[in-house]
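The sequence shown begins at 16 in the numbering used here and counts up one residue at a time. Just so it is clear, CB atoms sit at the ideal spot from N, CA and C, and this is done for glycine as well. Remarks on the structure that follows.
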Amino acid sequence: MPSNAPLLTFAIPTYNRAHILERLLKVLSEELQGETRVELLISDNASPDETPGLIRAQRGRGLQIRYIRNETNIGPDRNFLQCFEQAAGKYVWIFSDDDLPAPGAIARILATLSSHEYDLVGIRSYSFDGDYHQHMRFTPKSDLVLTRADHLARFIHVFFTFISGIIINKDRVSSVDHPPFDSLFGTNLAQLGPCYTALNHHRKSLFIRDPLVAATGNATVGYAMYRVFGRNLTKITDEWIEQKAVRQAIYNGTIRSFFPSWILSVRKSHDPQSVEDPHNVLRPCFGYNFRYWAFDYPIYALPLALAEVWMFGVRAINKLDSIVWQSLLRG
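What follows is the structure, given as structure tokens:
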């Protein structure tokens, strides 16, 4: 990394959401005031709204922004990868335009990155719908330094896909061989390329247990969830991740901690747009794993009232498992 390169690139891929992006930039104008170690990069996918005018206005108020505007909409996967490839920082934090860094999060992360080198930094998030300062209610927890990739995957699993919750050491990823990232275009999971490359060449990573990312609580997705996080995720993980233990940690966490709550929320919403049948999509992906039949299938198959009771048990088991596992890691 050149001596004058920023320590961290905070990269925001965006499309046609100027009103949401404005909220994030307002927070960043406070968090980045006087901070020279951070490059703020915005990759605009040819937004037809007021995004260019918003950038001009923020620049006029003194916020240093490196702005890339695509001539056409190149799609989310290509835009995510463009953020990574164009970043000048040693570390890259690709951040969704509808999420927010918690107050003080960037300063804390910069202090951490300045004192130690990590391949990946995983950050817990919390859901918000209104006041994003609610993270102050959490009891501070110590960070975990992890030297085994499967241990990191046990904590993060499916949330390697959550761009706002992962910081990647670009210098490390750029220094090792990896399959072409553009082979993931069209999967809605192109962000896994750099993450999985870092996992395959893992030395040391950090998991920040304090919730430092405010994730929009009412966010919606524009793609088939079960196909993306079932078929696409397993295909990419099988092809890209070299260690069996890492693959299994990703799958186990996805089955236990992600799909039960998502299946239940879709059932409770009675959303007529939800045309996917979760069992038909997920069984070919995870049916070999007993956790699918214990954690996911009952939420799908039981009457809704019983599924909610079953979900209570799922959460209790996951909570107990997390407490025991973290206690073992701390010795």
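Give every residue of the same chain whose Cβ lies closer than 7 angstroms to the Cβ of residue i, excluding the five residues on either side of it in the sequence, and list them in chain order.
i, result
"D65", "The residue asked about is misnamed: residue 65 is Glu in this sequence, not Asp. Answer for E65: A33, listed in chain order."
"A260", "D165"
"W277", "M240"
"Y133", "N184, K219, S220 and L221"
"P194", "W255"
"V329", "P275 and F310"
"P21", "R52, V53, E54, A103 and G104"
"N31", "S62, P63 and D64"
Comparing C-alpha positions only, which one of the options sits nearest to residue i?
i, options, result
"A229", "N85, T87 and S140", "S140"
"G90", "P155, A126, G137 and S62", "S62"
"L297", "V188, G328 and Y241", "Y241"
"L214", "F196, P226, L115 and W255", "W255"
"K250", "E50, K105 and P299", "P299"
"S337", "R84, A117, S111 and L167", "L167"
"D158", "D144, F175, K283 and H131", "H131"
"L23", "I182, S342 and A331", "I182"
"T29", "R282, L96, Y106 and E50", "L96"
"E86", "P67, A72 and L125", "P67"
Would residue i be called buried (16 or more neighbouring beta carbons within 10 Å of its own) or exposed?
i, result
"E100", "exposed"
"A264", "buried"
"H217", "buried"
"F327", "exposed"
"T154", "exposed"
"K185", "buried"
"R8", "A query on residue 8 cannot be resolved here, the shown segment of the chain reaching from 16 to 346 and no further."
"P209", "buried"
"V414", "The first residue shown for the chain is 16 and the last is 346, placing residue 414 beyond what the model contains."
"N19", "exposed"
"I322", "Note that residue 322 corresponds to Ala in the displayed sequence, not to Ile. Buried is the call here."
"I156", "Correcting the residue identity first, residue 156 is Lys in this sequence and not Ile. By the 10 Å Cβ count, K156 comes out exposed."
"L319", "exposed"
"D146", "exposed"
"D144", "exposed"
"I124", "buried"
"V107", "buried"
"D59", "buried"
"T212", "buried"
Can you give me the Cβ contacts of residue i inside the same chain, cut-off strictly under 6 angstroms, excluding the 5 residues immediately before and after it?
i, result
"I121", "E46"
"E291", "A239 and Y241"
"F301", "I270 and Y307"
"Y82", "I57 and I70"
"Y315", "I278, P293 and H294"
"T252", "R262 and I265"
"I223", "I138 and D158"
"L36", "T29 and D112"
"A205", "D92, F95, L96 and L199"
"I27", "I57, F110 and D112"
By Cβ distance, which residues of its chain are closer than 8 angstroms to residue i, with the 5 residues on each side in sequence left out?
i, result
"D114", "L39, S140, S179, V228, A229, A230 and T231"
"N203", "P91, D92, Y238, V243 and N247"
Is the beta carbon of residue i within less than 7 angstroms of some heavy atom of the ligand SAM?
i, result
"T87", "With respect to small molecules bound, the structure shown includes none, and the ligand SAM cannot be examined in it."
- Item | Runs of alpha helix (DSSP H) lying entirely within the stretch 146-193, each at least 4 residues, in chain order | List check, alpha helix (DSSP H) in window: 164-171 and 185-189.
* Completely contained alpha helix (DSSP H) runs for the stretch 22-90, where each covers 4 or more residues -> 33-46 and 66-75
> Quick check: the stretch 70-84 against the stretch 42-56, are there 3 or more CB pairs under 8 angstroms?
Replying inline: yes
Secondary structure, beta strand (DSSP E): runs of 3+ residues fully inside the stretch 84-131: 106-109
Next on the checklist: Count Cβ pairs between the stretch 243-260 and the stretch 121-138 that sit closer than 8 angstroms; are there 3 or more?
Outcome noted: Touching, no, given that fewer than three Cβ pairs across the two stretches are closer than 8 angstroms.
- Are the stretch 257-274 and the stretch 297-312 touching by the rule of at least three beta carbon pairs closer than 8 angstroms? yes
Original post:
For the stretch 188-200 against the stretch 162-171, are there 3 or more C-beta pairs whose distance is under 8 angstroms?
Top reply: no
At 4 residues or longer, and completely inside the stretch 217-268: list those alpha helix (DSSP H) runs for me, N to C. Listed in chain order, they are 248-255 and 259-268.
List, from N- to C-terminal side, the alpha helix (DSSP H) runs of 4 residues or more that fit wholly inside the stretch 286-311.
293-301
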